[in-house]
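Sequential numbering of the sequence shown, starting at 3, is according to our numbering.
Beta carbons: idealized from backbone N, C-alpha and C, even for Gly.
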Amino acid sequence: MPHLIHVDEKLKPFVYEEADELNVLDCLEKRGLEMHSHCRAGICGTCRVKLLRGVVKYPAGPPLAYVREGEILPCCCEPVTDIEIKTY
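Written out as structure tokens, the structure reads:
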């Protein structure tokens, strides 16, 4: 099922198609947004962003990196609903 992703004012809202996307980070990069990232596996926490609304899932299980309440790691999550995120 497709979900909308809203990112600050940096990108127009766009559709995340589960069949076509690997994770939220890949989806953002594919649309030209430069993101800080390193491990791409939920271990380092470099790609951390604030989740303003919506729900995500971590298909491979919870990330090992520390994330605060209201933050997600886009390198290893997929949206379950429409989401709105704020980059740091």
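{"Query": "Reduced DSSP category for Leu30 - H, G, I as helix; E, B as strand; rest coil", "Result": "helix"}
{"Query": "Spatially closest choice to Glu23 from Leu54, Glu86, Cys77 and Thr89, by CA coordinates", "Result": "Cys77"}
{"Query": "Where Pro15 falls: helix, strand or coil (DSSP)", "Result": "strand"}
{"Query": "Segment limits, beta strand (DSSP E) that includes Leu6", "Result": "His5 to Val9"}
{"Query": "Exposure label - Tyr18; buried when at least 16 CB within 10 Å", "Result": "buried"}
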